[in-house]
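The structure appears below as structure tokens.
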Amino acid sequence: MFAGHFGIAAAVRAKSPKVPLWALMAATQLLDIAFVPMLLTGTETIDSSGGEGYGEAVIHADYTHSVVGMLVLALIAGLAAARWWGSRGGITIGAVVASHWLLDLIVHRADMPILPGNAGDLPLLGLGLWKFPEWSAALELIIVTAGFAMYALSLRRRSARLQNKARAWTAGTVMGVLLLLSLATDYFGI
Ligand SMILES: [Zn+2]
């Protein structure tokens, strides 16, 4: 769901030109960025015994992808963002961090806990769309296409005003290539 998260960043960027694209991109992936050191230290793990293909892994991200962990990360990122881009920017970034979790909730198998470290053994969350690779691939494609369309339209609006067509074309092309690459990463499980 790498690409799906970026698709959301592209869509949000179209609506909030004040918050820079890199910040939105980082915010949509923040839970997975935090997952990397946890994975390296073995605190969180990926179980790919079920297969290595698209969406086949069970992910034990018991801290970064717990409800409470997500809320804490969204809050920290939101507060930091508010210092640079005002309270609206802060709310936007916080919401974008949370959007990662919501999207993961749709696709993950039931592997996301409520409390960090799955304390209390509460029910694990995840609607498991990944069990149907075609459906999850289709959902991802829809998000990416919609995100790109919104981004491209916003560039068109802005470039008409700024009379800076070349820059808009460059930004649109870079975004298109990035989204296509991230889609390929997801589909081929690279
Ligand atoms: Zn994730």
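When you read off a place in the sequence shown, starting at 1, and then add 43, the result is the number in the working numbering.
Each residue gets a CB set at the ideal place from its N, CA and C atoms; glycine is no exception.
How would you call residue i, buried or exposed, if buried means at least 16 neighbouring beta carbons within 10 angstroms?
i, result
"ARG131", "exposed"
"PHE231", "exposed"
"ILE185", "exposed"
"GLU87", "buried"
"GLU177", "exposed"
"VAL187", "buried"
Using beta-carbon positions only, say whether residue i and residue j come within less than 8 Å of one another.
i, j, result
"ILE51", "VAL139", "yes"
"GLN72", "HIS151", "no"
"ALA125", "GLY133", "yes"
"VAL62", "THR107", "no"
"SER109", "MET155", "yes"
"LEU146", "MET44", "yes"
What does DSSP give as the partner residues of residue i in its beta bridges?
i, result
"HIS103", "THR88"
"LEU168", "MET155"
Which residue comes first and which comes last in the alpha helix (DSSP H) that contains residue i?
i, result
"ALA153", "Taken as a continuous stretch (DSSP letters only), ALA153 belongs to no alpha helix (DSSP H), as it is neither H nor E."
"SER109", "Note, SER109: premise wrong, no alpha helix (DSSP H); not H, not E."
"PHE78", "73–83"
"GLY219", "208–231"
"GLY163", "It is not in any alpha helix (DSSP H) - GLY163 carries neither H nor E in the DSSP assignment."
"GLY50", "45–58"
With a threshold of 8 Å between beta-carbons, can residue i be considered close to chain C, or not?
i, result
"ILE157", "Of the protein chains in the structure, only one exists, and it is not chain C."
| For the stretch 194–202 against the stretch 50–67, are there 3 or more C-beta pairs whose distance is under 8 Å? | Touching, yes.
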